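To start, the structure itself, in C-alpha cells.
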Amino acid sequence: MVSPVLTLEETMTLLTPVAGPRDSLPAEIEVAIIGAGPAGLTAANLLGQLGVKVALIERNARTSDLPRAIAVDDEYMRLLDRLGLGPELDGHISKPFGVHFSSPLGFALVAVPGFITPNGFGNRNAVSQPMFEKILLKGAQRFAHVHSRFGASVTDIAQDKDGVTITLAEEAGQPQTIRTRYVLACDGARSFVRQHLGIPFEGASLDQPHLVVDLAEVPDQAGFSRFICNPRRPLNAVLGPYGGRRLEFMLLPGDNHATIASDESIRALVDRHTPYKGMPLKIIRRAIYGLAERLAARLQDGRIFLLGDAAHIMPPFGAQGMNTGARDGANLCWKIAAVLAGRLPSTALATYEIERREHIRQTIDYSVHIGKLANIRFWPLALLRDAFFALVNLSPAVRRYFAEMRHLPKPVIKDGLLLHDSGIDNSPVGRLLPRWLLRAPDGHPANIDAEIAMQWALIGVNLPRDALEKFTTSVPWMQLSPRLISISASLEYGYDFEFDRSRASELFDALRGHILILRPDNVVAGVALAKDFAAMSDALAIKLYAQAGL
Ligand SMILES: Cc1cc2nc3c(=O)[nH]c(=O)nc-3n(C[C@H](O)[C@H](O)[C@H](O)COP(=O)(O)OP(=O)(O)OC[C@H]3O[C@@H](n4cnc5c(N)ncnc54)[C@H](O)[C@@H]3O)c2cc1C
C-alpha cells in the first residue's frame, strides 16, 4: 500500500524520533557496526538475517530527525524486500515516481516517468529518512543476536591480527571496551573511524549550498519531481510520502544563511520561484546543507571497513547517497558472514573494495553532473543547455534513453568473486539477476529472491533438477551449500518452477541450457552451458579460494 495523504500534524507525529535501544553489549562480538544511520541499520539487518552476532553502536540517544534522503531506488527496495521489511514499509512509501527537468522556457529537458524496473520495484520511491530509520531499527531488533546500544560514542579503536578492540563512552558511566572480529564504520560523513585511521577523504566541497524545506499537504501530487532549472534560482520540488513535497532551493552568493530559512523568507521563495504561489505552507522541517563530493582513499583497513557516507559523499541531485550505502552493505555483509562461518577465506574480503570502488566513483560523478546541469546560473550557458536538449529530444531513441534512466550508472562488477569468461553476448555476469517471477508446480506464484533466500544458488535455465544435482559434490559447492533451482520455459516433470513471462524474458531465453551461479547478493558469479559447467566451476573455485585476495 502506498503512503496515505496525511495532515501536517499526522506527518509530524509519525516522524517523531524514538529513543534507541540501550542493550548491554557482550564483551565479545563478531561484527561491530558503528553508526545507526541507514548504512549501519541496513548492515545490521543483513548480518542479523545471516545469523552474525552484531553490536550496533550509535552516538545519538534517539533516531534521527534530519530531512535528508527521500528517494529509495529499485535496488534498495528489492534488498528491503529480501530482508522481509516489505510489510513494515507498507504505508510509508510513495508510488514509484519520475523526475522532470524543465527549462525556464517551459519545456521538459529530460522527462523520466515512474516505472517498475527489472529489480521488480519502482525506479524511485519516496520515503522520509526519519521514518525509514525507525523501520530499519525495528527490523534489526527482530534478531536476538543483534545488540543495539544508542547514546554511546566510539572513542577509540585498535586492531591486531586477531581482532579489533573498540572503546565506547556514554555521557554518564565508565568507558566500555568490546572485542570484535570485524568493524563496519557507518559513522557518516565526518567519520571518526576514517579520521582515526588516517584515511584521506579525497574530493572537494561544492559551491552549491541548498535550503531544504519539507512540506505537508501539497496539492501538487503529479508523480514526478520537478527540477526547475531556472538560472535565477535553481530548485527541485521532490515528491514526498504522505502527500508532501520537498523544496530544495539553491542558495545564492548574496543570501543570508541566518535568515533564509525563516517562515517569511520561505514564503517569498515559494511565491517567486515555484509553481506554488500563494499555496498554504505546512512546513514539516527545514535545513541548510553544504554539499560535497568525496571518496575515501581506501574502503578497508585490515579488519575495518568503511560504508555509506563514511566512505563516500555526493550531492543529492542524483538521489543516490543512501542507496549507495545500501549497496556497500549488500556487497560486504554476506562475505563477512561467509568468512566467519569458515566458508570463504578472509582474503575474500578484499574484494569489497575491488567490486565497489568503480561504481561508487561513477555514481558520485553522475550526481555531480546532474547538479551541474540543473544548477546553471549563467543565462547564456543555460540557454545553450536548453537548446541542446531541445535538439536531442527530437530523437525518440534519446528520449527513451533518458526515460529508461539508462544515464544512471548501473552496478556492474568487473573483477572480484566471479568469473567473467562466459562466452555469451550481453553476459549477466557481474550484474544483479533480474527479480524473475516464477510459478510453482501447484500454480503458486514465487520469485527468485524468495527461493534463493540470501544463499548461493545454482540455477538451471530450462535444465531439469537432476542436471544440477550432479555438480554439488564438487568443490566449491560442497562448502557453500547452494540452493538448486531448475526453471523451465513451460512446466514439466523434473523442474522446480516455470518461468513467468509477464515480465521481460529475453535474458531467460538467451540463457536456455545454461547453469547460472548466483551469489547471496543476487549477483551472477558465473554462467556456462551444462557441458562446460564443471570447468567453469573449477575456475571459479580458484578465484574464491586461491586468488580471493586478488
Ligand atoms: C538534502 C539531502 C537529500 C538527500 N536525498 C537523498 C535521496 O533522495 N536518496 C539517497 O539515496 N540519499 C539521499 N541523501 C543522502 C543520505 O541522506 C545519506 O547518504 C545517508 O544519510 C547516509 O547514511 P549513513 O548511515 O552512511 O550516515 P548517517 O546517516 O550520517 O549516519 C551516521 C551515524 O553514525 C553516528 N555516529 C557518528 N560518529 C559516531 C561515533 N563515534 N560513535 C557512534 N556513532 C557515531 C551518527 O550519530 C549517525 O547516526 C540526501 C542527503 C541530503 C543532505
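Heads up: the sequence shown begins at 104 in the numbering used here, then just goes up one per residue.
Every residue gets a Cβ at the ideal spot worked out from N, C-alpha and C, and that includes glycine.
Predicted, not measured: the structure shown is a model, and the values here were computed from it.
DSSP-derived helix/strand/coil call for residue i
{"i": "A493", "result": "helix"}
{"i": "T454", "result": "helix"}
{"i": "P141", "result": "helix"}
{"i": "M173", "result": "Inspection of the sequence shows that residue 173 is occupied by Ile rather than by Met. Of the three classes helix, strand and coil, the one that applies to I173 here is coil, per DSSP."}
{"i": "Q666", "result": "The question about residue 666 has no answer, for the chain in this structure spans 104 to 653."}
{"i": "F246", "result": "coil"}
{"i": "G393", "result": "strand"}
{"i": "A211", "result": "strand"}
{"i": "V230", "result": "coil"}
{"i": "A158", "result": "strand"}
{"i": "Q465", "result": "helix"}
{"i": "R375", "result": "helix"}
{"i": "L183", "result": "helix"}
{"i": "L117", "result": "helix"}
{"i": "E351", "result": "strand"}
{"i": "N148", "result": "helix"}
{"i": "E131", "result": "strand"}
{"i": "E273", "result": "strand"}
{"i": "L520", "result": "coil"}
{"i": "K380", "result": "coil"}
{"i": "G189", "result": "helix"}
{"i": "F253", "result": "strand"}
{"i": "G357", "result": "coil"}
{"i": "I136", "result": "strand"}
Rounded C-alpha distance that separates residue i from residue j
{"i": "R420", "j": "F505", "result": "Note on residue identity: the sequence assigns Phe, not Arg, to residue 420. When rounded, the distance between both Cα atoms is 15 Å."}
{"i": "I407", "j": "D545", "result": "47 Å"}
{"i": "Q582", "j": "L571", "result": "16 Å"}
{"i": "V315", "j": "I132", "result": "40 Å"}
{"i": "I479", "j": "Y379", "result": "22 Å"}
{"i": "M508", "j": "H195", "result": "24 Å"}
{"i": "G242", "j": "V495", "result": "46 Å"}
{"i": "V230", "j": "L192", "result": "9 Å"}
{"i": "I555", "j": "Q244", "result": "23 Å"}
{"i": "V341", "j": "I173", "result": "8 Å"}
{"i": "L643", "j": "V626", "result": "14 Å"}
{"i": "A633", "j": "R568", "result": "12 Å"}
{"i": "V108", "j": "L318", "result": "12 Å"}
{"i": "L354", "j": "C332", "result": "14 Å"}
{"i": "W559", "j": "D265", "result": "28 Å"}
{"i": "T220", "j": "W539", "result": "11 Å"}
{"i": "Q324", "j": "I562", "result": "42 Å"}
{"i": "K573", "j": "A549", "result": "25 Å"}
{"i": "A413", "j": "T466", "result": "16 Å"}
{"i": "T116", "j": "A164", "result": "19 Å"}
{"i": "A453", "j": "P537", "result": "26 Å"}
{"i": "H313", "j": "I369", "result": "13 Å"}
{"i": "L535", "j": "T427", "result": "15 Å"}
{"i": "S605", "j": "G223", "result": "12 Å"}
{"i": "S294", "j": "A592", "result": "50 Å"}
{"i": "L653", "j": "A399", "result": "Confidence at L653 is low in this model, with a pLDDT of 38, below 50, so the placement of that residue should be treated as unreliable; the coordinate-derived value is given next. Their Cα atoms are separated by approximately 20 Å."}
{"i": "L271", "j": "R282", "result": "11 Å"}
{"i": "A651", "j": "V249", "result": "Residue placement at A651 cannot be trusted, given a pLDDT of 47 that sits under 50; the coordinates are not used to answer."}
{"i": "G217", "j": "N228", "result": "9 Å"}
{"i": "Q403", "j": "L153", "result": "21 Å"}
{"i": "A493", "j": "Q232", "result": "35 Å"}
{"i": "E273", "j": "A255", "result": "5 Å"}
Cβ distance (whole Å) where residue i is taken to contact residue j below 8 Å
{"i": "L144", "j": "L240", "result": "6 Å"}
{"i": "A364", "j": "R389", "result": "5 Å"}
{"i": "I439", "j": "C289", "result": "At roughly 13 Å, the Cβ-Cβ gap does not stay under 8 Å, so I439 and C289 are not in contact."}
{"i": "F602", "j": "L541", "result": "6 Å"}
{"i": "G123", "j": "F253", "result": "3 Å"}
{"i": "A142", "j": "D431", "result": "7 Å"}
{"i": "E305", "j": "R185", "result": "Not a contact, Cβ separation roughly 33 Å."}
{"i": "D624", "j": "N359", "result": "About 47 Å; that fails the 8 Å criterion."}
Residue i Cβ short of 8 Å to ligand 3 heavy atom set
{"i": "L144", "result": "Looking for ligand 3 in the displayed structure turns up nothing; the ligands present are ligand 1."}
Open item on the list: Three Cβ pairs or more, each shorter than 8 Å: is that satisfied between the stretch 251-265 and the stretch 370-378?
Closed with: These segments do not touch.
Task: Ranges of the alpha helix (DSSP H) found wholly within the stretch 287-347, counting only runs of at least 4 - done: Qualifying alpha helix (DSSP H) stretches, in chain order: 295-299.
Task: Any beta strand (DSSP E) of 3 or more consecutive residues that is wholly inside the stretch 557-629 - done: 560-564, 586-591, 600-602, 617-621
Open item on the list: Using 8 Å as the cut-off, can you tell me whether the stretch 514-529 makes contact with the stretch 547-565, which would need three or more C-beta pairs spanning the two stretches below that distance?
Closed with: no
Task: Segment contact flag, the stretch 511-519 with the stretch 457-475, C-beta cutoff 8 Å, min 3 pairs - done: yes
Task: the stretch 440-455 in contact with the stretch 170-184 per 3-pair CB rule at 8 Å - done: no
Task: Uninterrupted beta strand (DSSP E) stretches inside the stretch 397-441 (no shorter than 3 residues) - done: Taken in chain order, the complete beta strand (DSSP E) segments of 3 residues or longer contained in the stretch 397-441 are 407-409.
Open item on the list: Pairs of beta-carbons, one from the stretch 143-163 and one from the stretch 202-211, closer than 8 Å: are there three or more?
Closed with: In the pairwise beta carbon analysis, the stretch 143-163 is classified as not touching the stretch 202-211: fewer than three pairs are separated by under 8 Å.
Task: Contiguous alpha helix (DSSP H) assignments of at least 4 residues, all confined to the stretch 530-561 - done: 551-555
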